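Protein chains in written order, with my numbering: chain F, 5 to 329; chain P, 5 to 329; chain Z, 1220 to 1613; chain B, 1220 to 1613. Think of the CB as a built atom: it goes at the ideal place given N, C-alpha and C, for glycine as much as any other residue. None of these values were measured; they are calculated from a predicted model.
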Ligand SMILES: Cc1ncc(C[n+]2csc(CCOP(=O)(O)OP(=O)(O)O)c2C)c(N)n1
Ligand SMILES: Cc1ncc(C[n+]2csc(CCOP(=O)(O)OP(=O)(O)O)c2C)c(N)n1
Ligand SMILES: [Mg+2]
Ligand SMILES: [Mg+2]
């Protein structure tokens, strides 16, 4: 075990994956010699050479197109998109190509070796284009897996699983926790299964669901609620696609109440899918409507970032609304 | 009044808009001399010249980037994307640029004059890449309007409103109805308001919600249900963004039951947003869980198209499940 | 540490506007339009066996295309897309590759696939989306693919295969086995952002890839004059610092020789190469298209005169490697084979309904299994509504 | 009916591989690095007033950049991005335009904006995201924009402004008032697909646009040698059949003359023009970056020696249009003005909370109004948690 922040945990996962299998390579804008603008790939070029860790030209659609081709050849590319906000030029390569590669070919070809890493989320004074949480844009895409870790331990285990999973994975890293989140992380490799939610805290009165950096927000809200004597269950989805509906439904059948807290703008966020599914499967158990706490339905503002965000106070208020319904 | 099919209604709307305001121009792949692969822009180049109706090179990100610039200059561009399946290369220009143009500039600039037209949907033996219903990918994007007509009359009135609306509009045309749907359409201009749902049929036992070509499917399902003595209300959303939650909630408060029928793959489709919102706002009125009938969570298959689709029989079965809950 | 830039430009002291046409790239050609070699040319070393394979593949593709256009008109298949007039470009280039080299197509390169050994039966199974289609009936006709033949499955979104080829070739370079990737695309698709991405990345990462542009003058109805302003696609290669060859796409020997040289550069020197093959799309874009709406008969006829098949046939006749009779007989043979396989393929049922959820992931998720079970129950309930698959769920 | 293609290529009968460096484009320069005009050059006609405006803008930008980097270090603003060493490229090109011409920037062209008349106060309001910011505090520092000055609001996604410039210029051509659009971008951004889209569309649609590439050798840490393989960006212009000029970006007179000629071609002949200005990013990419990790001091020093400000200053001194004292005094003046406005701007509160929902659409939707009301009620409940806006909701 060692103390690692989230960046170090990711760096460690990449390092171990590259050491284990020489078909793993890491590339993207500034990831080479420099080690990436957040330094997640620090030291990897020195260690594994310019053929396995390298800069690409500045073209996201090219990075993912290239990565698709490389994966179809049998390699295990780990492509970095510098910010989640800049993944959209690659949207066609991801949604029309990556996700459909195996199905459309009748399994003649696949890009299962592909992992796309990208930092996402707000709270860093990044304004419109360094703050978005675009997971829902991808969650409507059969063929993709989407994984979001909440802390360094989870990050390493989930990233290793993503790299070696035989399906393409979009791995989204909560960038405001890169250095802020520190925890005990094994130095050796370990794997956390994809598609399985994690019950972060058990409780009986209400279920809270979130993912990534939002779990920290939820924990703060729960702290407030527990002072009021409310016993909360917290579930970290960990995987957005495929997502663990069973775990959430089971919990809601127990607690009868559900609050989803998410960073993205409200309309069309992934929380809508969670709510739609849970009301269908746990209808008779629900004691109050499923509440969603989200960002506002606006682009991500800079000066009003605090007001915009789905913070712990808004989440706490939603818990109260759910209980007092 | 004249009998028009959906293509003719669209052509008529474009023609009237171009005649009314010479800042309206129409462009895209093959839309010029040839009049578009579906012939929606037929005759417009002859009538309005090559400066106002023209072919672009084959590059969707360029078409929308160009259209954004042209709209920001004060023009009213109507850009065509040949198939909804090919809109993804333009995703960044739409989601990061079009949608945020006004907000990010503090209203110094805007692309309110922009309309993007694109055919969408299945049922034409088009397989993966001529069948998708990508509306949900855009519905998570504040700043955009999304409009989908269900028949020729609606198409013309909604398209005219979209072109002259001071906000960017994504106008999605149900292509399998292009020639199949024929109806009475006024020859002169008329406007149907955006953002307002339409109660296609009133009823008391259950509410059905859909949009675009799916309304026809719903009507067929309702025909079957009414034979069983079920009195159905049908709501056509018409606008996906902003969407008329009030209309749906009001209806569900009356009927107590809701089935959403949609073409897109199940997970993350727009129906999830409808369900999540309605269960929140009409919780105490719901007599059974909100049901969604959708495409399967797979890419759109060719040989199994019939099995894949959210057809009238599946919708009918959902109505029964809702009533027998 | 990497240095910022290597070359120092020359200095001029008055504004020098470089003209858009500063670079005129000539076209390489060996045979005149009647199949006679130009004077004093060095023809590529092709033995008789290879030459006859190239020729018979050309004949086969011509037959296949004509027959399947007819089949579409008869309503037997929903869609077809022919390569009429462009057979030399695909077959000549495929012939210059090693079998292990990867081919990525756009959709008009059935010639390359046939050259690799895709059988008439395999073509038919794909075209009829039946249970024997390698692609499991999931994509529209002509979206072929075959791992055994190193031919990547076609996808409709244009240009996407170009950066993918760069990535594939990068993997081949890492593997170090001396293979390369050849990727085809039209001059229309070369307008896509993915073209720019793939070309630039290939040039800077020095991958063994051949970017083969079929410039056939049209993208559906859009003539090249409305597609681009420059001298075709070739000068763009230079824009990326990439080696570039322009070749007569209707001259199969020139295409062969050009691709051979490109392959040498790619594999031996890790120099990616752009080839622009000048040709003409003789038929409509696809069976959904009618070109009389946007071009003249005269224009078509001028090109019909440059037919690549006739040209190569004449060459082979002159060389004495074929005679008229044998050639005609072979053509007749493939006609019959195509017809026979067509009849067989249309009898094969669609894939089993279980296939609807396979291959979304390596194994179906829990949710997909549930969706399949619900679907099967539904089909059982309404067997008549789903006649193609109801048998399979009994 | 449109004809398929116009030019017939010349024919060659042996494989001619065009080298990736077939086209070497020279660089236009008027002043040597000490500011002395080269022999026998024709200098552009610039009167004293304009020359001094260009010079004082350069001085201002130098001061602004240095001051704001310091302000960021002090924690007074969150982010800054300087144009150190590239002042000639932006200011020289802006000076050659008409005021009505549209400018679209990438983010390192504060010089052009200042030349247009953006005031120190306006710069500060944007940098402090306060209630007086024209952009209403919504974007990060340096994302300026001003409709009155025909300077499009900057957006962070790279390259997106390039096809937008093509569209804007198309509108200008339709309007027929003789205006054009100049769009800036870095050599890194020129790798984006949007570059390809915008350039090709401009060339084929013949719009009055100037594509101004600031080639400063780096995209964050990535040197141009890992960005592209060719001879910089200029040869790509020829790839699109577009007129192209390469200019010394540190020579403001050459930039001015090149842009003047480009503007003439754009407006009078509807010929879009690519300009590649060769320069160097003297500072880090932004305040978040430390270039010592990826380049050498020697490299930086070699370029420091070519400082565009010093060069123009020397030219003006020699011409007798400025003297050392006045120049220094002016610099001192702007220093004080910047400091004074900075202090003022940091006192201005953030925009009112109501602004959070304005401008998503032309008018807020029902749903946005409800979200705002809920938010305001929440802020009223927890005023201490939202100190910047709670005053406004009382
Ligand atoms: C991204 C994308 N946009 C549009 C289309 C529709 N489309 C199919 S083929 C075609 C024309 C392609 O022309 P070209 O690349 O020159 O190839 P050719 O058909 O001439 O062989 C178009 C516009 C598509 N398949 N993909
Ligand atoms: C689409 C996109 N991808 C990545 C980034 C992150 N990014 C910001 S600036 C930059 C480098 C740009 O280099 P260049 O275009 O040469 O301009 P310069 O900074 O040198 O002026 C990168 C990668 C971005 N803003 N947008
Ligand atoms: Mg073509
Ligand atoms: Mg740069």
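- Chain P has no Cβ within less than 8 Å of the Cβ of residue 1385 (chain Z).
- The beta-carbon of residue 92 (chain P) is placed no less than 8 Å from the nearest beta-carbon of chain B.
- Closest in alpha carbon position to residue 85 (chain P), among P:296, P:98 and P:146, is P:98.
- Nearest CB-CB separation between residue 284 (chain F) and chain P: below the 8 Å threshold.
- Remark: the C-beta of residue 1325 (chain B) is in contact range of ligand 2, defined as less than 7 Å to any heavy atom.
- By the Cβ test, the segment 202-218 of chain F is not in contact with the segment 36-49 of chain F, since fewer than three Cβ pairs between them sit closer than 8 Å.
- For residue 1497 (chain Z), the secondary structure class from DSSP, reduced to helix, strand or coil, is strand.
- When the five nearest sequence neighbours on each side are left out, the beta carbons in the same chain lying within less than 6 Å of the beta carbon of residue 1287 (chain B) are those of 1299, in order along the chain.
- Counting the other Cβ atoms within 10 Å of the Cβ of residue 1277 (chain B) gives 16 or more, which makes it buried.
- With at least 16 other beta carbons inside 10 angstroms of its own, residue 1476 (chain Z) counts as buried.
- At the C-beta level, residue 1402 (chain B) and residue 107 (chain P) stay beyond 8 Å of one another.
- Around residue 1461 (chain B), no beta-carbon contact reaches into chain P at under 9 Å, the shortest distance being about 13 Å.
- Around the beta carbon of residue 1594 (chain Z), 16 or more other beta carbons sit within 10 angstroms, so the residue counts as buried.
- The C-beta of residue 1482 (chain Z) comes no closer than 8 Å to any C-beta of chain F.
- Residue-level contact check: residue 211 (chain F) does not touch chain P, since none of the beta carbons of chain P fall below 8 Å from its beta carbon.
- With a threshold of 7 Å, the Cβ atom of residue 1435 (chain Z) counts as near ligand 3, since some heavy atom of the ligand is closer than that.
- Shown here, residue 152 (chain F) sits in coil according to DSSP, grouped into three states, outside any helix or strand.
- Judged by DSSP secondary structure, residue 296 (chain F) falls within the beta strand (DSSP E) whose first and last residues are 295-299.
- Between residue 172 (chain F) and residue 120 (chain F), the alpha-carbon positions lie close to 8 Å from each other.
- Rounded to the nearest whole angstrom, the CA to CA distance from residue 1540 (chain B) to residue 1571 (chain B) is 47 Å.
- Following the DSSP letters along the chain, one finds residue 1341 (chain Z) inside the alpha helix (DSSP H) bounded by residues 1339-1346.
- If you check each beta-carbon in the segment 1342-1357 of chain Z against every beta-carbon of chain P, the ones closer than 7 Å belong to 1348, 1356 and 1357.
- When 7 Å is used as the limit between beta carbons, residue 38 (chain F) is near these residues of chain B: 1440, 1512 and 1513, in chain order.
- DSSP, reduced to helix, strand and coil, places residue 1508 (chain Z) outside both helices and strands of the structure shown, so it counts as coil.
- Proximity of residue 1308 (chain Z) to chain B, defined by a Cβ-Cβ separation below 8 Å, is not satisfied.
- Residue state for residue 183 (chain P) is assigned as coil, using DSSP reduced to three classes.
- The Cβ atoms of residue 1470 (chain Z) and residue 1249 (chain Z) lie closer than 8 Å to each other.
- Distance from the Cα of residue 1425 (chain Z) is smallest, within the candidate group F:124, F:270 and F:54, for F:54.
- Remark: the C-beta of residue 1500 (chain Z) is in contact range of ligand 3, defined as less than 7 Å to any heavy atom.
- With a cutoff of 7 Å, residue 1350 (chain Z) does not count as near ligand 4, since its C-beta is closer than that to no heavy atom of the ligand.
- Under the three-state reduction of DSSP, residue 32 (chain F) is assigned to strand.
- Between residue 1493 (chain Z) and residue 1534 (chain Z), the CB-CB gap reaches or exceeds 8 Å.
- DSSP places residue 1240 (chain Z) in no alpha helix (DSSP H); its state is neither H nor E.
- Legend: CB atoms of the segment 97-108 of chain F lying less than 8 Å from CB atoms of chain P belong to residues 99, 100, 103, 104, 107 and 108.
- Scanning the segment 68-125 of chain F for uninterrupted alpha helix (DSSP H) segments of 4 residues or longer gives 105-108, listed from N- to C-terminal end.
- With a 10 Å radius around the Cβ and a threshold of 16 neighbouring Cβ atoms, residue 1294 (chain B) comes out exposed.
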